[in-house]
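Protein chains in written order, with the working numbering: chain B, 1 to 223; chain L, 224 to 541; chain E, 542 to 1213.
Notes for the one structure printed next.
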Amino acid sequence: MLPASLDLLDVTYFLSGSVLVSSFILLYQTRLFGILNAFALQSIILSLAVAWQAMVQQAPHLYVTAVIAFLMKGIFVPLVLRRIVRVLNIHRAVETVVSINLTLLGGIGLTILSIMVVFPIARAADVLVREDLAFALSIILLGMLMMITRRNAVSQVVGFMAMENGLVLAATGARGMPLVVEVSVAFSILIAFFVFGIFIFRIRERFDTIDVDDLSAHRGDAR
Amino acid sequence: MELINDLFAQGVQMMLTLLAAPALVGLVRKVRARLMRRRGPSIFQPYADLFKLARKEALLAHSSSWLFRAAPYVVFAAIWVAAALVPTFASGLMFNWAADILAIVALLATARFALALAGMDVGTAFGGLGASREMMISSLAEPAMLMIVFTIALLAGTTQLSLIAQFMLDQPVGLRVSLGLALIALIIVSVAENGRIPVDNPATHLELTMVHEAMVLEYSGRHLALIEAAAAVKLLLYVSLIMSLFFPVGMAQAGGTPAAMATGMAWWAGKVVLAGALLAFGETAVAKMRLFRVAEFLGGALVLGLLGMILLFVSRSL
Amino acid sequence: MGIAELLLTGLAIMFAIGLWSVFFHAGANRIRATYGAIALACLFLLLPGIGYIIAAPGTVSIVLPLGLPDVGMRLRLDFLSAFFLVVVNLGGAVSSLYAMGYGVHEARPGRVLPFVAAFVAAMNLVILADDAFTFLLAWEMMSLTSWALVMSSREKEAERAGLVYFVMASFSGIMLLFAFGLLAGAGGGYGFEQIRLAPPSGPVATGVLVLVLLGAGSKAGLFPLHVWLPLAHPAAPSHVSALMSAVMTKVAVYGAIRILFDLIGPAMVWWWAIPVLAIAGITTLMGVLYALMQHDLKRLLAYHTVENIGIIFIGLGLAMAFHANGQTAGAALAMGAALLHVFNHSLFKSLLFLGSGAVLHATGERDIDRLGGLIHNMPRTAFFFLVGSAAISALPPLNGFVSEWLTFQSVLASSQLPQMSLKFLIPVTGVMLALAAALAAACFVKAFGVTFLGRPRSDMAGKARETDRFSLVAMGLLATLCLLVGIFPGQAVQALHPVVGFLVGGGLPTEAVTPAVPLSLTPFADGRSSYNGMIIFVFLLVSASFTAWFVHRFASRTTRRTDSWDCGHPEDNPLAQYTAASFSQPIRRVFGANVFSAREQVDMPPPGDNRPARFAVSMDDPAWKYIFTPLSTLVTWVSRRVNVLQQLTIRRYLTLVFFWVVGLLIVVALWN
């Protein structure tokens, strides 16, 4: 189907590597719209990577996953979140817990860690699967890092969905994951997204802030 | 005979970088002006500026020392030598093997060191401010630059620029994330090192956010002309560097025929014009950053470079 | 006279000078003569070192009938000790030459002179020692004499420095004692020859590594054991600071190399490189960050010693990684880089400390925020200090760049290592090194700019006079050497060839690349990367003078002195210039907030209020905050608990001893 010279390995590697890089772009942002744009970018690259896998593995169901990723996470979710930010008039600058540079360095550390964890375990597996899994794990960890280092509910939602992007990458790379699982994952994400969205609205109504640290003061069990 | 030929090619290259550099600055200004719907000065205005400055008398503050007078020559020489070592229209020129890209980075550091000291020499607040900020910016830009160098050197197996350019020409390196990351990081570093928007504004004067201009505030006459010329050469150097590392298309070989050299020169001129136009587009599209956002910007470049290197290590261990 | 006799004569003269100067130290001429004699004795020890490396006459062993009964005192000269002899005695000779001028102004020469001679002799003895007993004896002597030198000043600061130094020096001695205990093993062979024959392996060898990193590392100044260094080095007289910072730390490096590469050698495991590289990388970065926060010139230099020790240990760590994997070429490159940096650092750090001594003598100030404009009154000192600053900032064509270039080349070679963890760790170390190099340049722009440039910030700085001839000659010598090593890097590396070969069993190729050019430096035999300091130097010189000639000939050569421009509103008050603190403010904001938890407090009175605006910066030292302060709290707590033991009756003491003996016997019984 494809000329062998067009290094399969290179393209796959390039795409999954790009998803990882977009995770770093996500971490670098300090403005809400920047975060949303970066997330859209990540999802679009992800859908490209999935589509490429679909072509390589000749697995048509992966095309569905790619389309879902593109439409839902690449376009719909960022647009809705953008609207939420605008309607609620949320402060556009994201407050960070530690400095951006430190977060990025931490991200590098997590990438190294996940490569070092995955490679020995998946030694027997195919080269591409191994590297895909390593990247996916680091994307998941970077999503978590984003959730813990940003004091803003919207960026936490984005961090959560970035983690899900990592899961999708892992699932497509690992081969043989049925569509059912993916669809259910996608739906659960959608539900989570709505839950988060509603939460943001409610929180905003009640306390006039969405800085999660400010919310701790309202915890019933705190004192 | 061969030696003379080599020397000649090298000499042509050095003179060419020197002569073409102000035109690049003029071009960037012209394109920017056009993009802002101004007519803008002629592309050759920087030459006129340099001539005018060079012929004026040089003013020295009472508190300035010999270092203040020597620094422009050191800065100019270091940047010119560094530029002579970067392949432009041909690779493998006479002196290219005398130093690798690490040495080129270090030569630029020498120039910066001299200029920062000169900024502090007169003992004004602005000079110190410029020197301090310049060193902060470079303290992040230089490691980022070295990471880019490492990434490329790992791929090509050498730090010698000519050999890297040759490698990029000969081998199909394919689609590599690492190279893309290195390119982005290198562009960021170039923008910072040349004091372009969004890091510093070369068109500014009398502004609290200035960096390069604050350092050279006390300079006038021929000294200022040398510093301006050096800045122009540095911009051309970075453009040539990016081109020879990532797009060495059309570059002539060492000891090539005059025709090949001429073709190489035409390619190079085209690439430089394109890069200048792109720079102008970029500068009109973005706004200048706060000083401390610059640290994050360059930190980002450093992380990109590091990430590129790590990804390369991974792909090599496959 | 053979090499052995020369060495012994040198040592004997040195000790004799020490004794002599205890009694005769009054009068400028006597002081001058004494320092001259020390310099001469250093030459006695320097020449065998150089001669040995050039002629390679084979190992020279000397057994003296001193020390332990059946061991004696064994000395040995091989390539490694010859190289360090050169480093130590070059530093010793030059700083003594400097002291011929500087030492005359000493307030209490009797407290300095005898110890200087003994200090240099002890360092030589450490390097020549061929058995553990001699090594430790000389090591302790080196610590004690240098401690005495730190305590020679009457300043209050020196007392605290002395206390901290004493504790750390004892710690380092004990750790090395344990290390040699492990090395000797149950057989108790304390001669180095015996240890070489039966090197430890497995966990014992690892134990030795840990102890060496603690013992030699604390002496060399590895983070976080560096805390004594920035206190003690500046407290001593400047020529002694130069000796301590430039030479004594190298003796500690020697100890580490001798034990890890020579004595343990074959038992080296690849993962040892991990802790070494990690600690070295952190040391490099922390050292320069600390230095950036300083405004005391000598303390700033001392912190830079910490940084450079980190760079040396990065080279050693890389050499370990390559060596343990049997990659001789890489190991040779990394080891060559480390050794060359040892030499280079001893040159430029001596130079800088001597320069700071000249400044201190001329102005009585170490605080650079009260200096400025010295370049006008002290042009030569300023020039030499500038050369040293450029060299330590790794700028071509000076020597600092050469060794950092070699280190970077060996970092690049690390992609051939088989271990995944090293592949990740080494690039990260490379980033730290690159960051440190760039920050060092920033720091020396600050140090030189604030001290020598601008306008004087105090009367003393305005009235400074150029320093004496001896000091200038000493500094000029070092500056020349810095330049020479920088423009002849190939020769320098060639000279290191046998030393490197002795340690890792392979030398550095220096064959030139095509086209064949002499003087080029190429790290690998296939000649893919090269650096030629000579050409760069000539190139710079030619283009700078051509430009100067061209501009003066064809453009304009007139100059006019005027007031400074400063954007139209010049400020006459010299205190309005940038100071050390303001210079490093951007870097403090970028790095300091995380590392030192630096906080800035601005108190700006509202308009109409006459109270002055205030700005305060507070910083925590992580080494003290997280390690040493808790540790000293713990020690105080424990000692308060055991304090009761001091007021027991005799009978109780005897009971205690009795139970202790019985307990030990039980342990022995169970053991068998």
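Note that beta-carbon positions come from the ideal geometry of N, C-alpha and C, so glycine has one too.
Fair warning: this is a prediction, and the values are worked out from it, not measured in the lab.
### Task
Can you give me the start and stop residues for the beta strand (DSSP E) that E:D1228 sits inside?
In the structure as shown, chain E starts at 542 and stops at 1213, and residue 1228 of chain E therefore has no counterpart that could be examined.
### Proximal residues to L:I533 (C-beta, below 6 Å), its chain only, five neighbours per side dropped
Taking the first residue of the second sequence as 1, we reach residue 533 of chain L at position 310. Here the set comprises nothing.
### Message
At the level of alpha carbons, what is the spacing between L:A246 and L:I266?
### Response
For the purposes of this step, residue 246 of chain L is identified with residue 23 of the second sequence, where counting begins at 1. For the purposes of this step, residue 266 of chain L is identified with residue 43 of the second sequence, where counting begins at 1. If you take the alpha carbons of L:A246 and L:I266, they lie about 6 Å apart.
### Query
With DSSP run on the structure shown, which of helix, strand or coil describes L:F318?
The residue given as residue 318 of chain L occupies position 95 in the second sequence. It is coil, neither helix nor strand.
### Query
Would you say E:L912 and E:V928 are within 9 Å of each other, going by their C-beta atoms?
The residue labelled residue 912 of chain E in the question sits at position 371 within the third sequence. The residue labelled residue 928 of chain E in the question sits at position 387 within the third sequence. No. Outside cutoff.
### Local Cβ density within 10 Å of L:L230, reported as buried at 16 or more and exposed below that
Residue numbering aside, residue 230 of chain L sits at position 7 when the second sequence is read from its first letter. Per the 10 Å Cβ criterion, exposed.
### Message
I need the straight-line Cα distance from E:L560 to E:V667, nearest angstrom please.
### Response
Residue mapping note: residue 560 of chain E aligns to position 19 of the third sequence, counting from 1. Residue mapping note: residue 667 of chain E aligns to position 126 of the third sequence, counting from 1. Computed Cα separation, rounded: 20 Å.
### Task
Look at the alpha carbon of B:I90 and the alpha carbon of B:S43, and state the distance between them as a whole number of angstroms.
Here residue 90 of chain B is taken as the residue at index 90 of the first sequence, counted from 1. Here residue 43 of chain B is taken as the residue at index 43 of the first sequence, counted from 1. Going from the Cα of B:I90 to the Cα of B:S43 covers about 24 Å.
### Message
Restricting to Cα atoms, I'd like to know which of E:A793, E:K987, E:A720, E:D1107 is closest to E:M664.
### Response
Residue mapping note: residue 664 of chain E aligns to position 123 of the third sequence, counting from 1. When only C-alpha atoms are compared, the closest one is E:A793.
### Task
Compare the C-beta of B:G17 against all C-beta atoms of chain L and say whether one is closer than 9 Å.
For the purposes of this step, residue 17 of chain B is taken as the residue at position 17 of the first sequence. Cβ-Cβ to chain L under 9 Å: yes for B:G17.
### Task
Could you work out which residues of chain L lie near E:P741, taking near to mean beta carbons separated by less than 7 Å?
Taking the first residue of the third sequence as position 1, residue 741 of chain E is located at position 200. Simply none; closest approach about 33 Å.
### Task
Just list the alpha helix (DSSP H) runs in the segment 1147-1204 of chain E, keeping only unbroken ones of 4 residues or longer that don't cross its boundaries, in chain order.
1170-1183
#### Entry: Residues in the segment 1105-1136 of chain E having any Cβ partner in chain B nearer than 8 Å
V1131, A1134, N1135
### Neighbouring residues, chain B, relative to L:L372 (Cβ below 8 Å)
Working through the second sequence from its first residue, we reach residue 372 of chain L at position 149. It should be noted that the sequence gives Val, not Leu, for residue 372 of chain L. Neighbours of L:V372 on chain B: none; closest Cβ ~18 Å, over 8 Å.
### Query
When the Cα atoms are used, what is the spatial distance from L:K275 to L:A232?
As a working note, residue 275 of chain L is residue 52 in the second sequence. As a working note, residue 232 of chain L is residue 9 in the second sequence. Taking the straight line from one Cα to the other gives about 30 Å.
### Query
Where E:A1216 and E:V563 are concerned, what is the direct C-alpha to C-alpha distance, given to the nearest angstrom?
With chain E running from 542 to 1213 in the structure shown, residue 1216 of chain E is simply not present.
### Message
One question on the structure: do L:R445 and L:A281 come within less than 9 Å of each other, judged by their Cβ atoms?
### Response
Counting from 1 along the second sequence, the entry for residue 445 of chain L is found at position 222. Counting from 1 along the second sequence, the entry for residue 281 of chain L is found at position 58. Yes, Cβ-Cβ distance for L:R445 and L:A281 is below 9 Å.
### Message
Let me confirm a value: L:A306 is counted as buried when at least 16 other C-beta atoms fall within 10 Å, else exposed. Which label applies?
### Response
Taking the first residue of the second sequence as 1, we reach residue 306 of chain L at position 83. By the 10 Å Cβ count, L:A306 comes out buried.
### Query
With 9 Å set as the bound, which would you pick, yes or no: does the beta-carbon of E:S962 sit closer than that to a beta-carbon of chain B?
Position 421 of the third sequence, counted from the first residue, corresponds to residue 962 of chain E. Closer than 9 Å to some Cβ of chain B, the Cβ of E:S962 qualifies, so yes.
### Query
Who are the neighbours of B:I148 on chain E, taking C-beta pairs under 7 Å?
By 1-based counting over the first sequence, the position of residue 148 of chain B is 148. Result: empty, since nearest Cβ-Cβ is about 17 Å, beyond 7 Å.
### Query
Does B:D132 have its Cβ less than 9 Å from a Cβ in chain L?
Here the question's residue 132 of chain B lines up with position 132 in the first sequence. No, B:D132 lies away from the interface with chain L (no Cβ there is under 9 Å from its Cβ).
### Query
So what does DSSP say about B:Y13, is it helix, strand or coil?
In the first sequence, the residue the question calls residue 13 of chain B occupies position 13. Here B:Y13 sits in helix by DSSP.
### Query
Any idea what DSSP makes of L:D393, helix, strand or coil?
Stepping through the second sequence from its first residue, residue 393 of chain L is reached at position 170. L:D393: helix per DSSP, three-state reduction.
### Query
chain E beta carbons: is any one of them nearer than 9 Å to that of L:R292?
Looking up residue 292 of chain L in the second sequence gives position 69. Yes - at least one Cβ of chain E is within 9 Å of the one on L:R292.
### C-beta contact flag for L:I302 and L:L258 at 9 Å
Numbered from its first residue, the second sequence carries residue 302 of chain L at position 79. Numbered from its first residue, the second sequence carries residue 258 of chain L at position 35. Result no, Cβ atoms of L:I302 and L:L258 do not sit closer than 9 Å.
### Query
Which first and last residues belong to the beta strand (DSSP E) in which E:S602 is found?
Position 61 of the third sequence holds residue 602 of chain E. Segment 601-605, the beta strand (DSSP E) holding E:S602.
### Message
Tell me which residues of the segment 939-963 of chain E have at least one Cβ-Cβ distance to chain B shorter than 8 Å, keeping chain order.
### Response
M961, S962
### Query
Which chain B residues sit within Cβ distance under 8 Å of E:F965?
Position 424 of the third sequence, counting from 1, holds the residue named residue 965 of chain E. Correct list: I112, I115, M116.
### Task
Spell out a yes or no on whether the segment 381-390 of chain L and the segment 1013-1024 of chain E are touching, meaning 3 or more CB-CB pairs, one atom from each, closer than 8 Å.
no
### Query
If we count Cβ pairs, one from each stretch, closer than 8 Å, do we get three or more for the segment 693-704 of chain E versus the segment 722-733 of chain E?
no
### Query
What are the complete alpha helix (DSSP H) segments, minimum 4 residues, inside the segment 993-1024 of chain E?
1000-1003
### 9 Å Cβ cutoff met for E:A773 and E:V691
Looking up residue 773 of chain E in the third sequence gives position 232. Looking up residue 691 of chain E in the third sequence gives position 150. Yes, the Cβ-Cβ distance between E:A773 and E:V691 is below 9 Å.
### Task
Excluding the 5 residues preceding and the 5 following E:G633 in the sequence, name in chain order all residues of the same chain whose CB lies nearer than 6 Å to its CB.
By 1-based counting over the third sequence, the position of residue 633 of chain E is 92. C583, V661, listed in sequence order.
### Message
Does E:G714 pass the burial test, meaning 16 or more other C-beta atoms within 10 Å, or should it be called exposed?
### Response
Within the third sequence, residue 714 of chain E is the residue found at index 173, counting from 1. Counting Cβ neighbours within 10 Å, E:G714 comes out buried, since at least 16 surround it.
### Task
For E:G732, write down the residues that DSSP places opposite it in a beta bridge.
The sequence position of residue 732 of chain E within the third sequence is 191, counting from 1. The partner list for E:G732 (beta bridge, DSSP) reads E:D672.
### Message
Considering only DSSP beta bridges, list what B:L36 is partnered with.
### Response
For this step, residue 36 of chain B is matched to residue 36 along the first sequence. Bridge partners of B:L36: none, in fact.
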